[in-house]
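Engineer: Pasting a structure here, questions to come.
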């Protein structure tokens, strides 16, 4: 699936090969993303998607035989859109790269239901037979690669200590991303997603930044 | 429900009031805990619990009309047992208090299925109508109170900086506890629960410890 860092929204899906064509496919996938995010993973049918996207059911079914197949492609589509918006075509260095990631996450947080969907998919798609499993693996490979580049450039620029381990940062970030929605649901009004993320970034800075970076930030 | 920090295992449930009596109740609750942990939240019936605990179904049903009611009491029972084991009747101070919490968590991690159950309950019981909802609220109140005492005593002892916020620590710990099992499932063999927890503790130390504590640790 085309979710590698080099992919752009126009790569997904390859429109010429699809029964619905490019414009209808794009509309179907955007509608699917909104429906999944608004209603949760198990509460969207092909019939509803056909109605809400204004697509004949037969034509929709020719391209997406099951709602799960529409989910898998819709996630890849959404993922690339968020990445494009967050990174704006360039990959920043060091802690600025972390901020670009934060911007991408904030977009996701501010889209109602998207984080719940993300959390649900991350748990359900652990099963290798789930249609979104490939998406999940590539999504985490993308995050890990992003962490590797951030840390390598941060070390080059003297912002991040040389012994920083991208795998450790990836582990803690994965735990954070998967726990933040359940925590929000458990703690309710005590909890702010944005505050939790800013605090998490501060934990990372305190753990991995060079004394020079901390001093320059304080100045 | 008797899950306040002052409760002990012998408080739960009050055996004299119960149709099954103390010994059978204890056996039923231990069996229920093992079954829920082994099979997940939705895969245990009253019939199975009766069979596995060697209790007549009618007698079991007189005390626990639904499997959900058995779950709620079983969680409270398990919770107090883990707390007793972790804290051994006394409440340590500062970072040592955090270590006691780690010991409790490690016991949970090493009990197959227990963390998955914990994660499932934390999400399902957000609904105020869920039978384990009271347990969930009191469980998080207990964690928050534990964090408050740890930080207050750590500040008194010069281990923790005076501006440390127990609510921030609680937020990040809640995210961690709820995300660590899904992360384990997503990352598979890349991921070690114990390593993730040790790394998380190190994040907390770097964020909240005094320079004096960090220096004494390095020495």
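Chains as they are written, first to last, in the numbering used here: chain V, 1 to 219; chain E, 220 to 438.
We put the beta carbon where it would ideally sit given N, CA and C, even for glycine.
Since we're looking at a predicted model, the values are computed, not measured.
So residue 196 of chain V and residue 175 of chain V are in contact, right, with Cβ under 8 Å, and what is the actual spacing, rounded?
Structural biologist: Wrong, their Cβ atoms sit about 12 Å apart, outside the cutoff.
Engineer: For a contact meaning CB atoms closer than 7 Å, what does residue 175 of chain V contact in chain E?
Structural biologist: Within chain E, the residues near residue 175 of chain V are 395, 398, 399, 402 and 415.
Engineer: Suppose the cutoff is 7 Å on Cβ atoms and the five residues either side in sequence are ignored; what does the same chain contact list for residue 200 of chain V look like?
Structural biologist: Within the same chain, residue 200 of chain V has close Cβ partners 176.
Engineer: Whole alpha helix (DSSP H) runs in the region 32-63 of chain V with 4 or more residues, listed along the chain?
Structural biologist: Within the region 32-63 of chain V, the complete alpha helix (DSSP H) runs of at least 4 residues are 46-53 and 57-63.
Engineer: Going along chain V in order, which residues have a C-beta closer than 8 Å to the C-beta of residue 359 of chain E?
Structural biologist: Under the 8 Å cutoff, chain V gives 186 and 187.
Engineer: Thinking residue 143 of chain V and residue 164 of chain V are a contact (beta carbons under 8 Å), I'd like their distance in whole angstroms, please.
Structural biologist: In fact, because the Cβ distance is near 16 Å, the residues do not count as touching under 8 Å.
Engineer: Just the chain V side, please: which residues come within less than 9 Å of residue 426 of chain E by C-beta, in chain order?
Structural biologist: Correct list: 199, 202, 203, 206 and 207.
Engineer: Starting from residue 136 of chain V, find everything on chain E with Cβ-Cβ shorter than 8 Å and list it in chain order.
Structural biologist: Residues of chain E passing the Cβ test: 405.
Engineer: Find the residues of chain V that neighbour residue 410 of chain E, judging by a C-beta separation of less than 7 Å, and give them in chain order.
Structural biologist: Here the neighbours are 171.
Engineer: By Cβ distance below 8 Å, which residues in the same chain neighbour residue 46 of chain V in space, the five residues on each side in sequence not counted?
Structural biologist: Cβ neighbours of residue 46 of chain V beyond the five flanking positions: 57, 60, 61, 64, 66, 67 and 70.
Engineer: Is any beta-carbon of chain V found at less than 8 Å from that of residue 430 of chain E?
Structural biologist: Not an interface residue.
Engineer: Mapping the DSSP letters down to three states, classify residue 383 of chain E as helix, strand or coil.
Structural biologist: Coil, per DSSP.
Engineer: For residue 387 of chain E, does the count of other Cβ atoms within 10 angstroms reach 16, so buried, or fall short, so exposed?
Structural biologist: That one is buried.
Engineer: Just checking: is the beta-carbon of residue 382 of chain E within a distance shorter than 8 Å of some beta-carbon in chain V?
Structural biologist: For residue 382 of chain E, the answer is no, since every Cβ of chain V falls outside 8 Å of its Cβ.
Engineer: Please confirm if residue 387 of chain E has its CB atom under 8 Å from at least one CB of chain C.
Structural biologist: Absent here is chain C; the protein component of the structure consists of chains V and E.
Engineer: Could you check whether the Cβ of residue 121 of chain V sits closer than 8 Å to any Cβ belonging to chain E?
Structural biologist: No, because no Cβ of chain E sits closer than 8 Å to the Cβ of residue 121 of chain V.
Engineer: So, does the CB of residue 345 of chain E fall closer than 8 Å to a CB anywhere in chain V?
Structural biologist: So yes, residue 345 of chain E belongs to the interface.
Engineer: Would you kindly work out how many angstroms separate the C-alpha atoms of residue 434 of chain E and residue 425 of chain E, rounded to a whole number?
Structural biologist: The alpha-carbon atoms of residue 434 of chain E and residue 425 of chain E are separated by roughly 12 Å.
Engineer: Give the DSSP-derived three-state secondary structure of residue 183 of chain V in the structure shown.
Structural biologist: Helix.
Engineer: Would a C-beta distance cut-off of 8 Å place residue 132 of chain V and residue 75 of chain V closer than the cut-off?
Structural biologist: Yes, these two residues count as a Cβ contact at 8 Å.
Engineer: I'd like to confirm the pairing. Which residues does DSSP put opposite residue 132 of chain V in its beta bridges?
Structural biologist: Answer is none; residue 132 of chain V lacks a bridge partner.
Engineer: Who are residue 124 of chain V's beta bridge partners in DSSP?
Structural biologist: According to DSSP, residue 124 of chain V bridges with nothing at all.
Engineer: Quick check: the region 28-43 of chain V against the region 117-124 of chain V, are at least 3 beta-carbon pairs closer than 8 Å?
Structural biologist: Yes, the region 117-124 of chain V touches the region 28-43 of chain V.
Engineer: Sort out for me which residues DSSP pairs residue 428 of chain E with in a bridge.
Structural biologist: DSSP, once it has assigned bridges, lists E:379 as partnering residue 428 of chain E.
Engineer: Classify residue 220 of chain V as buried or exposed, calling it buried when 16 or more other Cβ atoms lie within 10 Å of its own Cβ.
Structural biologist: Chain V is shown from 1 up to 219; residue 220 of chain V falls before or after that span and cannot be answered.
Engineer: According to DSSP, simplified to helix, strand and coil, what is residue 192 of chain V?
Structural biologist: Note: residue 192 of chain V maps to coil in three-state DSSP.
Engineer: Among E:348, E:272 and E:313, whose alpha-carbon lies nearest the alpha-carbon of residue 373 of chain E?
Structural biologist: That would be E:313, whose Cα lies nearest to the Cα of residue 373 of chain E.
Engineer: So, at 8 Å on beta carbons, what are the nonlocal neighbours of residue 27 of chain V in its own chain, with the 5 sequence-adjacent residues on each side left out?
Structural biologist: Once the five neighbours on either side are set aside, the close Cβ partners of residue 27 of chain V are 53, 54 and 55.
Engineer: In whole angstroms, give me the CA-to-CA distance for residue 209 of chain V and residue 385 of chain E.
Structural biologist: Approximately 24 Å, taken between the alpha carbons.
Engineer: To the nearest angstrom, how far is the alpha carbon of residue 136 of chain V from that of residue 161 of chain V?
Structural biologist: Cα to Cα, the separation comes out at about 30 Å.
Engineer: Does DSSP classify residue 239 of chain E as helix, strand or coil?
Structural biologist: Correct three-state label for residue 239 of chain E: coil.
Engineer: Using beta-carbon positions only, say whether residue 149 of chain V and residue 97 of chain V come within less than 8 Å of one another.
Structural biologist: It is a contact, given that the beta carbons lie within the stated cut-off.
Engineer: What do you get for residue 390 of chain E, buried or exposed, if any count of 16 or more other CB atoms within 10 angstroms of its CB means buried?
Structural biologist: By the 10 Å Cβ count, residue 390 of chain E comes out buried.
Engineer: Measuring only the C-alpha atoms, how far is residue 203 of chain V from residue 260 of chain E?
Structural biologist: Straight-line Cα distance between these residues: approximately 33 Å.
Engineer: Give the secondary structure of residue 11 of chain V by DSSP, where H, G and I count as helix, E and B as strand, and everything else as coil.
Structural biologist: The predicted position of residue 11 of chain V is uncertain, since its pLDDT is 44 and thus under 50; a value taken from the coordinates is nonetheless stated next. It is helical.
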